[in-house]
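Residue numbers (this note's numbering), protein chains in the order written: chain S, 3 to 480; chain V, 20 to 645; chain Z, 5 to 110; chain B, 21 to 190.
In this text, a Cβ means the ideal position worked out from N, Cα and C, and glycines have one as well.
Okay, structure first, notes after.
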Amino acid sequence: MDVIYLLVLLLVGALATYLSGDKLASKVALLFSLGAFGYSLYLLNLLEAGVNLDYTAAWITKPNIAFALKTDGLAMAMLLLTTALTPMIVFSGFGNDYKNARSIYALILFMSFAMAGTFLAADGLLYYIFWELALIPIYFIALLWGNGDAEERKKAVLKFFIYTLGGSLFMLTGFVYLYLQAGSFLLTDLYQLRLSCAQQFWIFMAFFLAYAIKIPIIPFHTWQAKVYQKAPTVGTMLLSGIMLKMGLYSVLRWQLPIAPLAAKGHQYVLIGLSVAGVIYGSIVALRQKDLKKLLAYSSLAHVGLIAAGAYTLTLDGLRGAVLQMIAHGFTVVGLFFVAEIIFRRYETRLIAEMGGIRQQTPKFTSMFLLLVLASVALPSTFNFVGEFTVLYSLFQVNLGFAILGGLTIILGAYYMLKMFQHAMLGEVNAKPFADVTFNEGLLLVLIVAVLFFFGLYSKPITDLISPSIENILIHINR
Amino acid sequence: MDTTLALVLVLAPFAGFLINVFFGKTLGKSVSGTIGTLSVAVSFVVSLMLFMQVNATKTPIQIALFDWIQVGNFKVDFGFLLDQLSLLWLLFVTGIGSLIHLYSISYMHDDEKMHTFFAYLNLFVFFMITLVVGSNLLIMFIGWEGVGLCSYLLIGFWYKNQEYNDAAKKAFIMNRIGDLGLLIGIFILGAAFSTVDFATLKTALETSNSVNPNWIVLAALALFIGACGKSAQIPLYTWLPDAMAGPTPVSALIHAATMVTAGIFMVTRMNFLFSLTPEVQTIIAVIGAATALVAATIALVQNDIKKVLAYSTVSQLGLMFLALGCGAYQVAVFHVITHAFFKACLFLGSGSVIHALHGEQDMRRMGGLKKVMPITYITMLISSLAISGIFPLAGFWSKDEILMTAFHHNIALWVIGSIASIMTAFYMFRLMFLTFWKDFRGTEEQKHHLHESPKLITIPLIILAILAAIGGAINLPGNAWLNHYLAPLFSVAHQEHVLGTTEYMLMGIALAGGIIGIAIAYMKYAKQGQLPEEDAQITGFSKVLYDKYYVDEVYEFLFVKPINALSRFFRDYIETAVSGFVFGLGKATMVLGAQGRKVQNGNIGLYLFFFVLGVIAIISYLFLAQ
Amino acid sequence: MNNILNHIGIENYIFLSVILFCIGVFGVLYRRNAIIVFMSIEIMLNAVNLLFVAFSTYHQDAQGQVFVFFSMAVAAAEVAVGLAILVSIFRNLGSIDIDNLKKLKG
Amino acid sequence: MSIITILFCVLSAITLATAFLTIFTKNPIHSAIYLVICFFSIAGHYLLLNSQFLAIVHIIVYSGAIMILFLFTIMLMNLNKEDEVHKPRVTRWAAVILFCLMCLVLIGIFVNSKPIVGEYTSTGEDYQSIKVLGKVLLNEYMVPFEYASILLLTAMIGTVLLSKKEKSEK
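And the structure:
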């Protein structure tokens with residue numbers, strides 16, 4: 003029951019933000035999102051104390067849909083990621099003057115609500131509803147507050163919307179088929195299903211389309227770069243920081259345990275595709291002129307690695323994937339915020355128009371550099387823990403995958419440092435660059451602190467997620 | 020107690036780093052320099068204390084702090100291992116580190132970002148200590164990547180120059196290639212033995228027979244690739260000469276004395292693994308010898324004083340790997356130590372010269388500095404003699420040991436090593452003669468400002484020169500303290516060379532080789548007063564040497580260009596194509612819709628036709644189809 | 005007359021109704037004049053009614069005939085409204101040719 | 021061949037012929053008149069089937085009310101001309117083909133369902149006198165009967181509303 007209050011809190015927060023008017027909106031949103039974060043910490047406390055937080059209530063009887071929420075360690079970790087990033091994202095918007103601010107902040111909270119619901123849902127249809135619900139706010143955020151030419155933006159956002167929606171429809175048909183087999187949408191019932199290989203294959207493929215587009219795995223990624231570029235930074239953060247993780251999380255929660263045979267049968271193809279995404283994303287990122295697009299492709303590379311980890315079907319792979327998801331969430335939010343900070347001052351996202359910033363703002367540069375280093379998974383950052391674990395799991399499957407996936411270490415360093423060099427170093431830029439404000443600095447420090455703290459001491463998170471991942475593995479290997 | 024000491028040892032430089040980062044600017048240059056130096060000196064003192072303890076007790080100190088990463092069937096502790104090897108390494112890392120810090124206070128005094136510089140230096144020492152004291156491969160990996168990072172920061176310290184930044188980036192990426200190798204090696208070992216802890220790994224490797232020997236070979240090879248990246252061996256050496264873009268103390272600290280020896284440290288640490296794989300040892304020896312030779316030939320014709328020293332470093336590192344490949348880990352360690360002394364001295368001396376000449380690094384614009392800079396001259400001379408292997412300086416003993424080992428191992432390796440050391444003597448004295456002898460060839464204004472460097476610069480030089488002179492004493496043939504000290508580490512006992520006729524002959528040949536090299540240099544540059552040609556006039560083979568065998572160009576052509584071209588190709592064509600395909604789906608739907616629209620043309624007659632047709636179809640399906 | 009179906013046979017009624025119905029269908033398809041189309045629809049309705057009555061007799065059940073009453077009521081209502089619509093169309097367009105009514109298109 | 025059979029044949033012939041003529045005549049007035057004849061012949065069929073009441077109602081409703089409506093409308097629109105353009109040849113052929121197809125299908129269906137229909141046996145029971153009909157209609161079909169009245173009322177209102185000239189158009 004306790005979990006519901008969190009969802010209610012976020013929903014009420016969205017409503018309150020919308021009603022509070024443009025001036026107060028950002029503060030109200032921050033208040034509610036912080037409240038949600040605090041409440042999820044309380045939930046974490048309960049969970050650690052061994053309280054069963056799962057909640058199931060009948061909702062619709064025909065067809066048999068339950069309002070079921072499952073809060074195990076894995077869901078809790080993702081929930082914490084969502085509720086921790088939401089205030090940060092809201093806070094990152096403080097420096098901007100949005101038109102119609104109350105709507106955008108309300109949409110952010112609403113999106114947070116939908117994503118939290120996706121992570122918690124334990125009923126197929128409920129999950130599907132939350133999954134699609136999350137698409138609506140981001141569509142409007144990107145469309146209405148985005149940047150660049152309106153026509154082109156509309157095109158990109160519409161493509162994203164229809165593409166992901168189209169993918170999800172396959173998932174829906176998958177669920178309908180599962181319902182016909184199991185007579186219920188409940189996760190536990192679906193786990194009990196014993197499907198034949200062929201059935202699993204089709205279910206797996208239906209889910210795969212939805213997730214591959216959302217994650218995205220190449221070649222389903224074409225919506226990503228454009229939308230990241232066109233969306234306002236808060237939207238990009240929501241997309242890359244949390245929403246991508248919905249796809250990855252769903253792989254762990256729904257796709258693998260329901261159709262493990264298919265995953266095992268096509269493991270090499272799946273990992274190969276993901277690893278190809280790692281290399282492809284890294285290489286494309288090398289020659290990007292737009293900072294946000296570069297980050298988008300780097301994101302593609304990173305999530306490719308996460309997906310590869312998930313498809314190894316090993317304990318390490320799954321655990322590394324979750325760790326890396328969290329690490330990547332924070333890193334990418336930080337990096338996009340950096341892009342936003344530069345944009346606020348230089349009105350540009352083209353790397354060629356930057357350069358020579360370091361001399362003017364050493365503090366900002368240090369923060370940026372630390373984020374870059376986290377992104378290239380320097381040991382002692384959280385990303386390293388994740389990346390190491392994932393690469394190790396890849397190695398357990400095949401040495402070649404580990405080497406190919408490990409190329410991200412080299413290529414990642416290449417494009418990130420190249421970007422950093424051209425964006426920050428060099429002769430002093432003629433344009434003045436005001437030092438970061440207190441708010442901006444605070445946010446960056448927070449993110450960096452999180453990344454380094456868990457980089458040195460990842461045990462709390464590992465302990466949190468391990469039992470539920472082991473549980474999932476039992477279902478996979480049944 | 021040990022834990023506290025170890026923490027002090029590791030964290031003192033880190034504290035220095037934090038202080039310099041956050042308060043460096045407010046504290047002023049001298050204070051931040053002092054703090055930086057002191058923090059490293061504290062580490063030095065602590066490591067000295069621990070060294071005494073371990074030397075007396077002969078038992079390594081092991082400290083486990085907390086669980087760090089939990090992977091598969093094993094956990095990785097965050098812990099330290101202070102044994103003979105790591106303490107020895109700590110001694111010269113922190114010792115030379117302190118000297119270089121001291122030196123930098125004066126050297127960097129004119130730089131506006133001196134506190135940043137010290138912060139980076141401290142951070143570097145911190146990571147280096149982590150690398151050395153880590154109790155398992157992963158902790159070592161933290162330090163390993165960390166020193167790479169500091170190297171990146173320090174090479175690109177003058178970040179306004181994009182060429183320096185390129186050099187920094189190159190260093191980092193080259194290192195990362197090696198890092199990937201190291202990581203793969205860690206994976207293999209971790210998967211095979213369920214541990215990456217050095218101590219347990221050692222026992223596991225020595226006892227277990229269940230692991231496929233191919234995996235062990237592969238692991239050794241992967242680890243060696245890592246060592247190649249960090250210690251600048253073929254084919255990953257090109258970053259080190261470029262790394263001279265950084266301030267000179269950095270070159271001395273990182274690229275001569277400490278960081279580049281990490282590879283050797285790692286191989287020595289993992290000696291139990293390499294001893295099991297003779298194939299890999301052969302590869303190491305061959306690559307070491309090849310590197311020694313190639314780098315030495317390049318150094319013959321370089322005109323930039325720091326480039327000569329850089330290639331000399333690569334060459335010496337090659338010799339060390341030659342020793343490692345022959346299984347003589349103590350010898351390699353011995354040469355690491357002596358090399359650290361004289362190479363640090365040489366780099367600092369060259370820094371002193373550059374400082375005096377206000378940034379001039381081309382030896383063709385130097386000369387005659389003997390009179391104005393006597394201390395620099397004498398210290399550098401001692402070090403040059405040492406590196407050339409002249410009796411009885413430190414370099415003589417260590418290099419001789421290496422060559423002797425090579426001789427017993429394989430005569431070809433010995434020949435290559437000897438040629439490389441003759442060349443070493445030649446180019447070092449070419450450097451000395453061009454820099455210090457004859458008359459000054461720079462501008463009048465420079466000549467006017469020529470001066471001996473201040474005390475803070477000369478004191479470290481003197482200390483290092485003394486060490487370079489007497490450092491060989493730790494492992495004299497017959498009284499090999501180092502061998503005994505390190506003996507517990509090695510599973511295969513090291514056979515000391517019996518000093519017979521062959522050995523004395525070898526010593527003589529090595530000494531003669533050194534002298535021949537010096538003599539040629541003397542003839543050419545001191546007596547005849549030849550000067551290296553200007554860049555445009557260099558022709559023939561020396562042009563190939565001067566351009567470093569075009570390795571950079573080849574790499575550029577083989578790797579960088581294709582990757583960038585691929586990137587452009589992906590960006591411009593594949594991305595558009597895939598995107599076009601997705602949009603194509605949308606367009607196809609649109610076209611279908613447009614066609615469908617034509618059916619809905621508003622003609623009621625047509626609708627009626629279809630209606631009736633539909634009715635016929637439905638009723639015939641319902642009633643006739645059965 | 006009670007046993008009329010002994011003389012004629014239900015098949016004949018069926019054939020008659022079917023042909024009549026098809027004539028109605030044919031008229032709907034064939035003509036452009038909306039009024040004639042309406043008339044064709046009436047023919048179809050009557051064909052059905054006739055069959056109802058025939059089967060009502062056949063089964064000796066009154067319900068078939070009752071249904072015809074309802075059918076008539078509906079037909080009456082339909083014609084009234086339909087013709088009103090036609091009048092209104094005619095007023096606006098000056099024609100009741102169904103091929104001219106092309107506004108309803110995508 | 022009994023008199024009844026002859027009667028049936030004649031009536032059927034008239035029904036079909038007039039139905040055809042309704043469709044083929046160019047002048048709408050003539051069409052309407054043929055339709056009236058058609059309805060009368062159908063009424064004759066009803067009489068033949070001994071449903072007198074239905075026949076009368078049929079004549080009143082169809083030939084009386086509906087046909088008058090048609091005629092009025094035709095007059096109102098001044099359509100008593102033979103100016104209608106034929107549909108294209110293709111359309112007409114398609115109409116003929118569909119006509120045949122429909123006939124075939126429907127006849128096929130009824131032939132197929134012959135076994136279900138079974139044999140006719142007369143019991144001589146009264147089932148279609150006005151009395152019986154009235155009972156059935158007002159007992160079993162009371163509610164639909166009321167609905168029909170509402171339907172007619174609505175149709176009336178709708179018709180009035182539709183055919184009223186709009187005031188705003190001035």
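Comparing C-alpha positions only, which one of the options sits nearest to residue i?
{"i": "V430 of chain S", "options": "V:Q181, V:T56 and V:M278", "result": "V:Q181"}
{"i": "R288 of chain V", "options": "V:I441, V:H503 and V:V152", "result": "V:V152"}
{"i": "K185 of chain B", "options": "Z:K106, Z:D101, Z:N104 and Z:R95", "result": "Z:R95"}
{"i": "A487 of chain V", "options": "V:L199, V:A304 and V:L412", "result": "V:L412"}
{"i": "G23 of chain S", "options": "S:G150, S:E50 and S:Y107", "result": "S:Y107"}
{"i": "K161 of chain S", "options": "S:M207, S:T224 and S:T120", "result": "S:T224"}
{"i": "F187 of chain S", "options": "S:F222, S:E154, S:I140 and S:A124", "result": "S:A124"}
{"i": "K546 of chain V", "options": "V:K617, V:F452, V:L577 and V:V634", "result": "V:F452"}
{"i": "M493 of chain S", "options": "S:R351, S:I260 and S:L246", "result": "One cannot answer for residue 493 of chain S here, as it falls past the ends of chain S, which runs 3 to 480."}
{"i": "N39 of chain V", "options": "V:F578, V:L237 and V:N141", "result": "V:N141"}
{"i": "M369 of chain S", "options": "S:L446, S:G402, S:M117 and S:G306", "result": "S:L446"}
In chain V, which residues lie less than 8 Å from residue i when you measure between Cβ atoms?
{"i": "N132 of chain B", "result": "F642 and L643"}
Who are the near neighbours of residue i in its chain, counting only those whose CB is closer than 7 Å to its CB and skipping five residues on each side?
{"i": "A212 of chain S", "result": "G169, S170, F172 and M173"}
{"i": "L227 of chain S", "result": "Correcting the residue identity first, residue 227 of chain S is Ala in this sequence and not Leu. Result list for A227 of chain S: K295, A298 and Y299, in chain order."}
{"i": "I244 of chain V", "result": "G197 and G200"}
{"i": "T333 of chain S", "result": "L373, A376, S377, N385 and L453"}
So for residue i, helix, strand or coil by DSSP?
{"i": "Q362 of chain S", "result": "coil"}
{"i": "A499 of chain V", "result": "coil"}
{"i": "V81 of chain B", "result": "helix"}
{"i": "I100 of chain Z", "result": "coil"}
{"i": "V90 of chain V", "result": "strand"}
{"i": "D323 of chain V", "result": "strand"}
{"i": "F509 of chain V", "result": "coil"}
{"i": "V59 of chain V", "result": "helix"}
{"i": "M5 of chain Z", "result": "Any reading at M5 of chain Z must be qualified, since the residue scores a pLDDT of 48, below 50, and its modelled position is unreliable; the value itself is stated next. Three-state DSSP puts M5 of chain Z in coil, outside helix and strand."}
{"i": "A436 of chain S", "result": "coil"}
{"i": "F99 of chain V", "result": "strand"}
{"i": "N16 of chain Z", "result": "helix"}
{"i": "A233 of chain S", "result": "coil"}
{"i": "I80 of chain V", "result": "strand"}
Leaving out the 5 sequence neighbours to the left and right, which residues in its chain are closer than 8 Å to residue i when beta-carbon positions are compared?
{"i": "V22 of chain Z", "result": "A51"}
{"i": "T19 of chain S", "result": "A27, V30, A31, F34, R104, Y107, A108 and L111"}
Below 9 Å on C-beta distance, what does residue i contact in chain V?
{"i": "E429 of chain S", "result": "K179, N180 and Q181"}
{"i": "I102 of chain Z", "result": "N622, I623, G624 and L627"}
Report the neighbours of residue i on chain S: residues whose CB is nearer than 7 Å to its CB, in chain order.
{"i": "D198 of chain V", "result": "I411"}
In chain order, what residues of the same chain have a beta carbon less than 6 Å from the beta carbon of residue i, not counting five sequence neighbours either side?
{"i": "I102 of chain Z", "result": "R36 and A38"}
> Touching or not, the segment 460 to 476 of chain V and the segment 387 to 396 of chain V, by the rule of three or more beta carbon pairs under 8 Å?
Replying inline: yes
>> Taking contact to mean 3 or more Cβ pairs, one atom from each stretch, closer than 8 Å, check whether the segment 259 to 267 of chain V and the segment 139 to 148 of chain V are in contact.
In response: no
> Using 8 Å as the Cβ pair cut-off and three pairs as the minimum, do the segment 368 to 382 of chain S and the segment 408 to 423 of chain S touch?
Replying inline: At 8 Å Cβ cutoff, the stretches touch.
>> Under 8 Å: do the segment 304 to 317 of chain V and the segment 357 to 375 of chain V share three or more Cβ pairs, one atom per stretch?
In response: no
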